[in-house]
Amino acid sequence: MKTPGFNFRPVDQAIAERVIVDSVPERAAELREIWAKYDLQFAVVSDSLKIGFRSRGKVIEFDNKTMRILWVLAHSAWRMFVCYSPHVLLALATGCSIDLEMMQRDQGLEKARASFEGLLYVVRNAVAAQSADDVAWPLDLPDPMADRSSLSAEQKAVFDLAIMATAYGFLHEVQHVMFAKDKNAPPRRPDEEIACDVFARDFLLAKIDSYAKTTSWSADLILMKRAMAIALGAFFV
Ligand SMILES: [Zn+2]
Numbered sequence: 000m001k002t003p004g005f006n007f008r009p010v011d012q013a014i015a016e017r018v019i020v021d022s023v024p025e026r027a028a029e030l031r032e033i034w035a036k037y038d039l040q041f042a043v044v045s046d047s048l049k050i051g052f053r054s055r056g057k058v059i060e061f062d063n064k065t066m067r068i069l070w071v072l073a074h075s076a077w078r079m080f081v082c083y084s085p086h087v088l089l090a091l092a093t094g095c096s097i098d099l100e101m102m103q104r105d106q107g108l109e110k111a112r113a114s115f116e117g118l119l120y121v122v123r124n125a126v127a128a129q130s131a132d133d134v135a136w137p138l139d140l141p142d143p144m145a146d147r148s149s150l151s152a153e154q155k156a157v158f159d160l161a162i163m164a165t166a167y168g169f170l171h172e173v174q175h176v177m178f179a180k181d182k183n184a185p186p187r188r189p190d191e192e193i194a195c196d197v198f199a200r201d202f203l204l205a206k207i208d209s210y211a212k213t214t215s216w217s218a219d220l221i222l223m224k225r226a227m228a229i230a231l232g233a234f235f236v
């Protein structure tokens, strides 16, 4: 059944802010300054044949279909990691490069590969759909609206990956909003896109050391987690 149609629904600013602050707590004060200076606002818009985040003036827009696709992509990225990380670790431990023979010795490879390829198939169909309601979403994934505390450790890792990739997408759009208000965007659109990617990436990475001092996580582990989210977010953007 289709959900009732709507064009534009403002998002509680506290929720949008938490997506970024929870992903990069060490930059909370700077983020709040930007938020106040540029009066950032977020809104959910109707699904369409497009996907992704958009900015219009000071409003950053996204839709339900985009968020569902990002959720499935986060799960498929995790399954890819599970599928191929044994080969990467083995190659690192032995100094050998990953070759066909190493892959052939892995009895579980085909099953692991099928598990993320199935999700990518769903993503391809979803991208082409008009609405999230038209998509047969995978039944074996947790509900994207589930309470994080109710998830398994592995599901929590994917949840964090999806939130951080969303933060990357939001931050990319934040830079578009700043450029628009300050009227200082690079003249060529591709250069503006690169500048927005650089802003989002640096916001997530530049002050990891100061965050690491406040947690039990090492800077390397935080970097690894955020780099994975940036890869997913950049792919998505
Ligand atoms: Zn952009």
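Quick note on numbering: the sequence shown equals residues 0 to 236 in my numbering.
Ideal Cβ placement from N, Cα and C applies to all residues, glycine included.
Just so you know, these numbers come straight off a predicted model, no measurement behind them.
- In chain order, S75 place their CB closer than 7 Å to the CB of L119, counting only its own chain and leaving out the 5 sequence neighbours on each side.
- According to the DSSP assignment, I59 belongs to no alpha helix (DSSP H) but to the beta strand (DSSP E) extending over V58 to D62.
- Per the coordinates, the alpha-carbon of W34 lies some 14 Å from the alpha-carbon of F202.
- Assignment of V43 by DSSP, reduced to helix, strand and coil, places it in the strand class.
- In this structure, K64 sits near D46, with a CB-CB distance shorter than 7 Å.
- Between C82 and A111, the C-beta gap is smaller than 7 Å, which places the two residues in contact.
- Considering only D133, F115 and A15, the residue with the shortest C-alpha distance to I59 is A15.
- Proximity to M79 across C95, A156, E116 and S54 peaks at E116, based on C-alpha coordinates.
- Nearest to M223 by alpha-carbon distance, out of M163, D190 and Q174, is M163.
- For the region 145–196, not one full-length beta strand (DSSP E) segment reaches 3 residues or more.
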